[in-house]
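**Student:**
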Amino acid sequence: MNELPENQRLRRQIEEILVGKTITGVFNATKPHKFLFWFGDPLSYNKLLTGRRIESSESYGMFVDLLTDEHTKISVGDGTNLRYGTITKKVPDSYQLLLTLDDNSYLVFSAGMFGFIAAYDGIYDEMYYQKSRNSISPLTDDFDERYFDELFAKSKSTLSAKLFLATEQRIPGIGNGVLQDILFNAGVNPKRQLKSLSDAEKSAMFRSVKTTLKEMTAGGGRDTETDLFGNKGGYKTILSKNTVNTPCPVCGNIIVKEAFSGGAIYYCPSCQKM
Ligand SMILES: [Zn+2]
Numbered sequence: 047m048n049e050l051p052e053n054q055r056l057r058r059q060i061e062e063i064l065v066g067k068t069i070t071g072v073f074n075a076t077k078p079h080k081f082l083f084w085f086g087d088p089l090s091y092n093k094l095l096t097g098r099r100i101e102s103s104e105s106y107g108m109f110v111d112l113l114t115d116e117h118t119k120i121s122v123g124d125g126t127n128l129r130y131g132t133i134t135k136k137v138p139d140s141y142q143l144l145l146t147l148d149d150n151s152y153l154v155f156s157a158g159m160f161g162f163i164a165a166y167d168g169i170y171d172e173m174y175y176q177k178s179r180n181s182i183s184p185l186t187d188d189f190d191e192r193y194f195d196e197l198f199a200k201s202k203s204t205l206s207a208k209l210f211l212a213t214e215q216r217i218p219g220i221g222n223g224v225l226q227d228i229l230f231n232a233g234v235n236p237k238r239q240l241k242s243l244s245d246a247e248k249s250a251m252f253r254s255v256k257t258t259l260k261e262m263t264a265g266g267g268r269d270t271e272t273d274l275f276g277n278k279g280g281y282k283t284i285l286s287k288n289t290v291n292t293p294c295p296v297c298g299n300i301i302v303k304e305a306f307s308g309g310a311i312y313y314c315p316s317c318q319k320m
């Protein structure tokens, strides 16, 4: 699932590839998706979006915005995938939304377990979106150690390091994917409770949030996720489905995978001790 680094890549690709193109047609879902959270009636998107010219893109945490003329926007987030292609090739036959563009290309929206798609010309008042938009991005200097310490102090001390990073949109854009390498680089086991962490470990976690996300973003996203063209990102994950049961790059011990708090965790039992 796309998280902060992949959403930044998507924003860049929209700016490079889609800006200047005009939406010529809107096609609604080929089959209903139980956990696709629409904003407004998707059947009204045809009227709203046809003829709109794509002007820019922005990304906040788990969301990416596609801005068009006439103050119209499309926001996609958390579990929604975007693909771009030319109509001369085969158009996907399963999607949640498909836009045709004036240069014989298309943009297709699909979702995994869940997703958010919103097209609108007013305010998108979805709670997760607003939280993503209004929070301080870990990629900015304003996200400093003091800010991190505040988030830490406001959280329950029995919370695990994993849930601290990935839940309640404390740090929008961090999900169960990027947190694995963040905690590896900090030397912290994802199951550790916050109250068990020393000041040095807490500090290492803060530094790792900043440096790991920067590295992932600079690499164009993780190698477990795909971009607008279906290509994998250039950031090589240390801990992911690609590396489970292989030797840890630091100590050589075998990387393990476990189910923990709703979703898999990966860790090196030796570098990230309990
Ligand atoms: Zn190790």
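Numbering (my numbering), first residue to last: 47 to 320. Where a beta carbon is used, it is the ideal one built from N, C-alpha and C, also for glycine. These numbers were taken from a predicted model, which means no experiment stands behind them.
#1: In terms of residues, what are the limits of the alpha helix (DSSP H) holding leucine 229?
#2: Measure the alpha-carbon distance for threonine 132 versus asparagine 150 and round it to whole angstroms.
#3: Leaving out the 5 sequence neighbours to the left and right, which residues in its chain are closer than 7 Å to proline 295 when beta-carbon positions are compared?
#4: Is there at least one non-hydrogen atom of ligand 1 closer than 7 Å to the beta-carbon of serine 316?
#5: By DSSP, does valine 255 sit in helix, in strand, or in coil?
#6: Cutting at 6 Å between CB atoms, please list the residues of its own chain near serine 286, excluding the five before and the five after it.
#7: Roughly how many angstroms separate the alpha carbons of asparagine 74 and tyrosine 174, rounded to a whole number?
#8: Hey, is asparagine 231 close to ligand 1, as in C-beta under 7 Å from one of its heavy atoms?
#9: Leaving out five residues before and five after isoleucine 14 in sequence, what residues of the same chain have Cβ atoms less than 6 Å from its Cβ?
#10: Just to check my reading of the structure: alanine 199 and valine 234 have Cβ atoms closer than 8 Å, yes? What is that Cβ distance to the nearest angstrom?
#11: May I ask whether a heavy atom of ligand 1 can be found less than 7 Å away from the beta carbon of asparagine 291?
#12: Cα separation between glycine 123 and threonine 289?
#13: If you count every other CB in all the chains shown that lies within 10 Å of the CB of glycine 71, and 16 or more means buried, which is it?
#14: Look at the alpha carbon of lysine 241 and the alpha carbon of lysine 248, and state the distance between them as a whole number of angstroms.
#15: Over the uninterrupted alpha helix (DSSP H) stretch that includes alanine 199, give me the two end residues.
#16: Which complete alpha helix (DSSP H) runs does the segment 84-132 hold, if anything under 4 residues is left out?
#17: What did DSSP end up calling tyrosine 313 once you bin it into helix, strand or coil?
#18: Which residue comes first and which comes last in the alpha helix (DSSP H) that contains tyrosine 175?
#19: Who does tyrosine 281 pair with in a DSSP beta bridge?
#20: Going by the DSSP bridge assignment, what does glycine 71 pair with across the sheet?
#21: State the DSSP-derived secondary structure class of phenylalanine 210, mapped to helix, strand or coil.
#22: Taking isoleucine 228 as the reference, give the member of Thr204, Tyr193, Arg268, Thr114 with the closest Cα.
#23: By DSSP's criteria, lysine 303 is part of a beta bridge. Which residues make up the other side?
#24: Report back the beta-carbon spacing between serine 201 and phenylalanine 210 to the nearest angstrom; my notes put them in contact at under 8 Å.
**Tutor:** Well, looking at it:
#1: 224-232 is the span of the alpha helix (DSSP H), which, as asked, contains leucine 229.
#2: Going from the Cα of threonine 132 to the Cα of asparagine 150 covers about 6 Å.
#3: Ile284.
#4: Yes, Cβ of serine 316 sits closer than 7 Å to a heavy atom of ligand 1.
#5: In the structure shown, valine 255 sits in a helix (DSSP, three-state: H, G or I).
#6: Cβ within range, chain order: Thr270.
#7: Cα to Cα, asparagine 74 sits roughly 24 Å from tyrosine 174.
#8: With a cutoff of 7 Å, asparagine 231 does not count as near ligand 1, since its C-beta is closer than that to no heavy atom of the ligand.
#9: Past the boundaries of the shown model lies residue 14; the chain is included only from 47 to 320, so the question cannot be answered.
#10: No, alanine 199 and valine 234 are not in contact; Cβ-Cβ is about 17 Å, not under 8 Å.
#11: For ligand 1, not one heavy atom lies less than 7 Å from the Cβ of asparagine 291.
#12: Cα to Cα, the separation comes out at about 27 Å.
#13: When all chains shown are included, glycine 71 counts as exposed.
#14: Our two residues, lysine 241 and lysine 248, have alpha carbons roughly 10 Å apart in a direct line.
#15: Segment 191-199, the alpha helix (DSSP H) holding alanine 199.
#16: Here the runs fully enclosed are 91-95.
#17: Strand at tyrosine 313.
#18: Per DSSP, the unbroken alpha helix (DSSP H) holding tyrosine 175 starts and ends at 173-180.
#19: Looking at the DSSP output, tyrosine 281 bridges to Arg268.
#20: According to DSSP, which records beta bridges pairwise, glycine 71 is partnered with Thr146.
#21: For phenylalanine 210, the secondary structure class from DSSP, reduced to helix, strand or coil, is helix.
#22: Taking only the C-alpha atoms, the option nearest isoleucine 228 is Arg268.
#23: Tyr312, per the DSSP bridge assignment.
#24: Indeed, because the Cβ distance is near 6 Å, the residues count as touching under 8 Å.
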